[in-house]
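Novice: In my numbering, the protein residues as written are 734 to 1267.
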Amino acid sequence: MDEILIRGAVVVDGSGAPPFEADVTIGGGRISAVDSPGTLRGSRTIAAEGMVLSPGFVDMHAHSDLLLLTDHRHTAKVAQGVTTEVIGQDGLSYAPVDDRTLRNLRTQLAGWNGDPPDFDWNWRGVGEYLDRIDRGVATNAAYLVPHGTLRMLCVGSENRPPSETELARMRDELARGMSEGAFGMSSGLTYAPGMYATTSELTSLCEVVAEYGGYHCPHHRSYGAGALAGYEEMIRISRQSGCALHLAHATVNFDVNRGRAPELLAMLDQALDSGVGITMDSYPYLAGCTSLHALLPSWMFSGGVEATLRRLSDPDSRSRVLREMEVEGSDGAHGVPIDWSAIEINGVRHPDRTGHLVGCDIATAADAEGVPPGELYLDTLLSDELGSSCLMHVGHEENVRAIMRHRMHTVGSDGLLIGERPHPRGWGTFPRYLARYVRELGLLDLPECIRHMTSAPALRLGLSDRGLVRRGMVADLVLFDPDEIRDNATFERPRARPSGISHVMVNGVPVLEHGERNDATPGRALRHGTGGTA
């Protein structure tokens, strides 16, 4: 009998039901039995008395598109108990592409994912990318077809609507990606070129997603001055297209939105009550993180990366940019006049040129160098060839707490894992929920919080055999000490590993044992429509 026995665990099964003590056995990648303590046997035993056994955590918003392939250990996620990640987020990733599109994306996304040297970009389509993941990675991965990438492939980087022929090609490429296993479409409507799309373009594409039973995951047009209008547009698209909606990193940030989470939740509840299928994710931090160039106004990106770099050197363009960012509030900066003291550079592409700025907010760094902060910002983008990333300190705790309690909430780290000082959410999101918001503050009880991390996202993804600790389910599992689990990652030490998680299994294979990462890579690409089977 080649089975692993987890003996005497406190099972929090992912459904939201009360915990219960049980023995659990795993064989052939699945849970083979759940029974009373002392009743089961296995060829290998993990003593779990006093420990919580739960389904593996699902990161509904991950940016591990390249790290899964270049870092086989992927400890940032494995050590948190993450067993499945949803990638292809914010409308920008690496499939489907042609050679030209891939070149642009490698530069544009360097601040998110890096641009690893000597990397084998041996795919172009969605199916080929999923096949590459199937060679073996640390966690399972579900992919969303990125709208901005589709637009770059079929329309280009210009700020214009697609022709009828181009839109038809976008729909065809989207349908191909869905048929090859994608779970839906993401969009990034403050990122070029996705930000150039109209409501009607997005609705047309969401109709295709709906035909395949997938969902739309938008980073909508504003999380600042136009936040509620942005959410309303996404709900309208969902209603008109019949496509399910999952709101990425659902929040309302900046001073203009302090205390406005109840307005957002009332809007969502009204839509849910009318039959619109909505879920959302969030992370338990106040700061956001993105590419430094993302704050630029949209017109700066028209024509692609090279055009953007030329404009950064043009005095007239620079003057216009700074007026829009500092006085009017650019669309890239969510319609709010920029507060340079809230923008902290946390990663750079060329440390020899711009590394001295890491860990500094732009206002302080500019003061030290005796230059205006806007000029320092533009010079940094130019010197770093758009490869810098930044933290945006713009959140409000009361909004974060209100949103995480909503019944349709799930968890997404939005973790960018590269750079000198990445956001700690990449290493701490899931244990932070359990330590701070369950154990310390009691805002969620343990079974409900686990449901948000497991069966709720599995239901959105249509993974019928994952997300619960029950006989026959795939053995994606986490074993942790409820009194000791905590996030240790901070903005000063962002890569500090969490405490209290002893074992993690992916597809029934241990990847974390007694708190230590082994070399197993049992993760595979999940494909939509297969019910969750890798």
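Backbone N, C-alpha and C define an ideal beta-carbon position, used for all residues, glycine too.
(1) Going straight from the alpha carbon of Ile1234 to that of Gln813, what length do you get?
(2) Please state if the CB of Leu980 and the CB of Tyr964 are separated by a distance shorter than 8 Å.
(3) If the criterion is Cβ atoms closer than 8 Å, does the pair Phe753 and Val1211 meet it?
(4) Rounded to whole angstroms, what's the CA-CA distance from Ala930 to Arg993? Just pull it up for me.
(5) For the alpha helix (DSSP H) holding Ile866, just list the boundary residues, first then last.
(6) Quick one: Cα of Phe852 to Cα of Leu883, how far?
(7) Count the other CB atoms within 10 Å of the CB of Gly1107; is the residue buried (16 or more) or exposed (fewer)?
(8) If you measure from the CB of Glu1153, is any heavy atom of the ligand FAD nearer than 7 Å?
(9) How many whole angstroms separate the CB atoms of Gly1148 and Thr1162, which I take to be in contact at a CB cut-off of 8 Å?
(10) For Val1104, count the other beta carbons within 10 Å of its own beta carbon; 16 or more makes it buried, fewer makes it exposed. Which is it?
(11) Quick check: the stretch 776-796 against the stretch 1204-1223, are there 3 or more CB pairs under 8 Å?
(12) Have a look at Gly946, Asn990, Ala960 and Leu1001 and flag the residue whose alpha-carbon is nearest the alpha-carbon of Ala977.
(13) Could you tell me whether the Cβ atoms of Ser1322 and Lys810 are closer together than 8 Å?
(14) Apply the 10 Å Cβ neighbour rule to Pro1164 and answer buried if 16 or more other Cβ atoms are within range, or exposed otherwise.
(15) Tell me, to the nearest whole angstrom, how far the beta carbon of Glu1131 is from that of Arg1082; I am working on the premise that it is less than 8 Å.
(16) Since Cys1022 sits in a beta bridge, which residues does DSSP pair it with?
(17) Is it buried or exposed, His1185, if we count other Cβ atoms within 10 angstroms and call 16 or more buried?
(18) Here's a check: name, in chain order, each residue in its chain whose Cβ is nearer than 7 Å to the Cβ of Ala960, leaving out the five neighbours to either side.
(19) Just checking, does the stretch 828-843 make contact with the stretch 753-772 on the three C-beta pairs under 8 Å criterion?
(20) Look at the alpha carbon of Ala1040 and the alpha carbon of Val1244, and state the distance between them as a whole number of angstroms.
(21) Cutting at 6 Å between CB atoms, please list the residues of its own chain near Thr1187, excluding the five before and the five after it.
(22) Start and end of the alpha helix (DSSP H) containing Asp1117?
(23) Looking at Ile820: is its Cβ nearer than 8 Å to the Cβ of Ala874?
(24) Which class does His1089 belong to by DSSP, given the choice of helix, strand or coil?
(25) May I ask you to verify whether the stretch 1009-1019 touches the stretch 1045-1065, counting CB pairs closer than 8 Å and requiring at least 3?
(26) For Arg1165, name the three-state secondary structure that DSSP assigns.
(27) Which of the three DSSP states, helix, strand or coil, is assigned to Asn837?
(28) I'd like to confirm the pairing. Which residues does DSSP put opposite Ser1035 in its beta bridges?
(29) Any idea which residues DSSP pairs Arg1271 with across the strands?
(30) Answer with buried or exposed for Gly1128, where buried requires no fewer than 16 other C-beta atoms within 10 angstroms of its C-beta.
(31) Comparing C-alpha positions only, which one of Asp867, Thr1223, Thr758 and Gly1159 sits nearest to Gly1241?
(32) Tell me the residue span of the alpha helix (DSSP H) that contains Pro1190.
(33) Does the stretch 1057-1068 touch the stretch 1023-1030, meaning 3 or more C-beta pairs lie closer than 8 Å?
(34) Which runs of the alpha helix (DSSP H) spanning at least 4 residues fall entirely within the stretch 1129-1164, listed in chain order?
(35) For the alpha helix (DSSP H) containing His796, name the first residue and the last one.
(36) When the Cα of Pro1180 is compared with those of Ile739, Val743 and Asp735, which residue comes out closest?
Specialist: Reading from the atomic positions:
(1) Whole-angstrom Cα-Cα distance: 7 Å.
(2) Between Tyr964 and Leu980, the C-beta gap is smaller than 8 Å, which places the two residues in contact.
(3) no
(4) 27 Å
(5) Val859 to Ile866
(6) 23 Å
(7) Buried, by the Cβ-count rule.
(8) Summarising the ligand content, the structure contains no ligands, and the ligand FAD is consequently not present.
(9) 7 Å
(10) exposed
(11) Contact between the stretch 776-796 and the stretch 1204-1223 is present, because at least three Cβ pairs lie under 8 Å.
(12) Distance from the Cα of Ala977 is smallest, within the candidate group Gly946, Asn990, Ala960 and Leu1001, for Gly946.
(13) Nothing in the structure corresponds to residue 1322, since the chain is present only between 734 and 1267.
(14) buried
(15) Not quite, the Cβ-Cβ distance comes to about 36 Å (not below 8 Å), so this is no contact.
(16) Leu1124
(17) buried
(18) Val985 and Asn990, listed in sequence order.
(19) no
(20) Rounded to the nearest angstrom, the two C-alpha atoms are 45 Å apart.
(21) Gly747, Pro788 and Gly1200
(22) Where Asp1117 is concerned, there is no enclosing alpha helix (DSSP H), given that its DSSP letter is neither H nor E.
(23) yes
(24) helix
(25) no
(26) In this structure, Arg1165 counts as helix in the three-state DSSP scheme.
(27) helix
(28) Note: Ser1035 sits in no beta bridge, so no partner.
(29) This structure leaves residue 1271 out entirely; the chain is present only between 734 and 1267.
(30) buried
(31) Thr758
(32) Where Pro1190 is concerned, the enclosing alpha helix (DSSP H) stretches over Ser1188 to Leu1194.
(33) yes
(34) 1130-1137
(35) First-last for His796: undefined, no H or E at that position.
(36) Val743
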